[in-house]
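Comments concern the structure below.
Chains as they are written, first to last, in my numbering: chain A, 88 to 549; chain B, 122 to 272.
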């Protein structure tokens with residue numbers, strides 16, 4: 088880390104980033120991203136990948152830093168939103184909010200919902216800031232380490248990442264491997280990355296540019312999530328506890344949040360469902376070191392703050408492998424990798440030096456986005472509780488039409504919504520068969536890169 | 122004895138995966154190009170991998186509870202709304218297509234007629250303003266609109 092502090096390019100880079108974010112429009116978009124993320128995290132039957140997919144077409148019309156910062160805000164905002172439903176209703180929006188539920192929901196039922204929400208907000212903020220600062224220090228180190236990897240190393244690294252995803256995804260290894268290979272095959276039609284020749288288009292000119300990432304995301308996570316939620320309606324909710332609480336009078340479990348942040352940051356760097364692993368590990372750690380382990384499960388503040396901080400730190404830390412190695416660790420990062428490609432940003436070890444205004448600007452946006460998350464989380468706690476009660480029947484037509492329009496905009500033609508519908512139906516079939524679409528999307532995004540590195544390796548040894 | 126429909130569903134995914142793997146293998150360009158690894162190597166590797174994985178995929182398929190008739194009806198309503206939007210988009214234009222598809226989706230989802238109308242009008246107007254006016258994206262106006270303009 089001493090090298091990081093001594094590096095003059097770090098300071099010039101940070102200055103370039105500060106200059107790049109001096110725009111009111113950018114801050115409004117980050118605010119919109121965080122707010123929308125929190126909203127979708129709270130809304131029933133609507134996950135962060137679906138929200139990311141819905142806003143994905145905006146990368147075609149916004150500035151690169153604005154678009155990526157907004158999508159990033161959506162991501163960590165949604166992570167926080169999952170904690171709100173966990174605490175108030177006992178319904179985790181995502182798997183990594185389950186550990187928050189263990190302590191948060193009993194606290195809400197005990198009349199401490201507002202304190203629990205405030206603690207979760209502060210813990211999320213701590214985790215986010217910790218991981219963002221960690222990325223600042225890690226960037227020079229990781230950049231230098233990544234320079235030692237040639238095409239063979241990168242191919243092995245990507246293959247290893249996919250294998251790790253297969254080993255840790257829900258549904259089992261064999262199903263996940265199927266999804267990974269299906270994702271790789273779906274990425275093949277169109278132009279071959281190294282040779283530039285057309286392949287597997289079967290005579291359809293619509294396939295000459297390959298399968299649209301926007302349509303795949305909107306189909307798999309937008310329409311797919313909708314159909315899955317319609318076929319198995321969400322549980323009956325009860326958010327009454329949110330209104331029956333005294334005001335917050337103290338901050339607790341700060342140390343637990345710090346421990347959770349460190350744990351989350353370290354696991355977030357690895358592609359294996361980091362948020363879930365980190366939040367459960369943090370809950371277990373807090374229980375192990377607590378003087379009152381019997382309180383866990385009945386509303387222990389440390390058990391709430393630790394997992395919530397680790398969850399958010401893991402989310403933030405997953406930006407490091409994405410930006411510095413070009414390696415997405417979850418489907419949302421895969422979507423962001425696609426967005427980076429569209430806006431012309433090449434992720435990799437050289438990014439902090441080749442595009443310092445973008446890289447450091449994004450880090451500044453991540454830091455400030457967490458401050459906005461804190462403000463929105465504390466200021467609008469009552470609003471989130473009411474929003475969670477919105478009937479699903481009013482939401483899903485909106486989501487559906489956003490998916491269709493978004494895929495039309497993404498593909499700039501009818502092939503987008505057609506592909507979106509096909510992938511939506513495929514997503515339902517996959518889920519009904521116990522397969523998770525997440526490895527498929529990761530493999531789809533990584534496929535062309537993996538092929539390029541593999542071919543370069545083969546050509547160099549031939 | 123397993124009913125035919127259940128059996129079909131159970132093997133639908135495996136069949137789909139086998140088909141995709143075989144298509145990638147058979148339709149791939151040559152593996153070698155001028156004696157060097159060519160653009161066909163990767164499709165062959167991925168296709169072969171998919172075929173192997175499809176064969177070793179666990180046999181048991183349906184892991185979730187059977188959805189209720191009402192749930193299936195709502196899901197079919199969603200698909201019908203999608204198809205209506207696709208059919209109407211170019212002849213009628215984005216705005217009418219979104220309005221009518223939204224109306225159908227709302228009704229299928231269990232909204233009252235009043236809710237459906239309000240939601241469809243609000244949604245199509247807000248989206249149109251956002252995309253056409255704010256982001257300057259050119260949404261399809263429709264053949265009828267073009268005819269009315271005399272184009």
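We treat Cβ as the ideally placed atom computed from N, Cα and C, and that holds for glycine.
Only residues of its own chain outside the window of five on either side were considered, and among them 241 and 245 have a CB closer than 6 Å to the CB of residue 220 of chain B, listed in chain order. For residue 473 of chain A, the uninterrupted alpha helix (DSSP H) segment begins and ends at 468 to 474. Listed in chain order, the positions of the region 493 to 512 of chain A with a beta carbon within less than 9 Å of a beta carbon of chain B are 495, 496, 501, 504, 505, 507, 508, 511 and 512. Ranked by Cα distance from residue 413 of chain A, the first of A/395, A/432, A/398 and A/399 is A/432. Per DSSP, residue 284 of chain A is not a residue of any alpha helix (DSSP H), being assigned neither H nor E.
Membership of residue 514 of chain A in the alpha helix (DSSP H) is indicated by the continuous run 502 to 519. In the three-state reduction of the DSSP assignment, residue 386 of chain A falls in the coil class, being assigned neither a helical nor a strand state.
Here DSSP, grouped into helix, strand and coil, assigns residue 154 of chain B to strand.
For residue 436 of chain A, there are no neighbours in chain B by C-beta distance under 9 Å, as the nearest C-beta there is about 25 Å away. Contact annotation for residue 163 of chain A against chain B: no contact, minimum CB-CB distance about 24 Å [criterion: below 8 Å]. Neighbours of residue 275 of chain A across chain B, judged by C-beta separation under 9 Å: 145, 149, 163, 164, 167 and 168.
Ranked by Cα distance from residue 356 of chain A, the options A/388, A/248 and A/135 are led by A/248.
Between residue 113 of chain A and residue 152 of chain A, the alpha-carbon positions lie close to 8 Å from each other. For residue 259 of chain B, there is no enclosing alpha helix (DSSP H), since its DSSP letter is neither H nor E. If you draw a straight line from the Cα of residue 98 of chain A to the Cα of residue 228 of chain A, it comes to about 15 Å. Taking 7 Å as the CB threshold, residue 213 of chain B stays off the interface with chain A. Taking 8 Å as the upper bound on Cβ-Cβ separation, chain A lies near residues 210, 211, 215, 219, 222, 223, 226, 227, 230, 231, 232 and 236 of the region 210 to 236 of chain B. Under the criterion of beta carbons closer than 8 Å, residue 506 of chain A and residue 298 of chain A qualify as touching, at roughly 7 Å. In this structure, residue 349 of chain A sits away from residue 527 of chain A, with a CB-CB distance that is not shorter than 7 Å. One alpha carbon belongs to residue 172 of chain B, the other to residue 543 of chain A, and they sit about 25 Å apart.
Assigned with DSSP and collapsed to three states, residue 198 of chain A falls in coil, not helix or strand. For residue 145 of chain B, the CB contacts under 8 Å within the same chain, skipping 5 residues up- and downstream, are 164, 165, 167, 168 and 171 in chain order. Among the CB atoms of chain A, none fall inside 7 Å of the CB of residue 152 of chain B. Residue pairing of residue 431 of chain A in beta bridges, as defined by DSSP: absent, with no partner found. One thing to note: residue 195 of chain A has its Cβ no nearer than 7 Å to the Cβ of residue 184 of chain A.
A distance below 7 Å between beta-carbons, with the five flanking residues on each side excluded, links residue 150 of chain B to the following residues of its chain, in chain order: 159, 160 and 161.
Judged by DSSP secondary structure, residue 226 of chain B falls within the alpha helix (DSSP H) whose first and last residues are 215 to 230. In the three-state scheme derived from DSSP, where H, G and I count as helix and E and B as strand, residue 277 of chain A is classed as strand. Taking a beta-carbon distance threshold of 7 Å, residue 538 of chain A counts as an interface residue toward chain B. Nearest to residue 225 of chain A by alpha-carbon distance, out of A/497, A/408, A/454 and A/457, is A/408. In the same chain as residue 146 of chain A, and ignoring 5 residues on each side of it, the C-beta atoms closer than 7 Å to its own belong to 154, 426, 429 and 430, in chain order. Contacts with chain A at 7 Å (Cβ-Cβ) include residue 157 of chain B.
Contacts between residue 142 of chain B and chain A, judged by CB atoms closer than 8 Å, involve 268 and 272 in chain order.
Proximity of chain A to residue 244 of chain B at the Cβ level (cut-off 9 Å) is accounted for by 484, 485, 488 and 489, in chain order. For the options A/287, A/243, A/161 and A/381, the alpha carbon positioned closest to that of residue 147 of chain B is the one of A/287. Sequence-distant partners of residue 160 of chain A (beyond 5 residues in either direction) whose C-beta falls short of 7 Å from its own C-beta, in its chain, are 117, 120, 121, 124 and 456.
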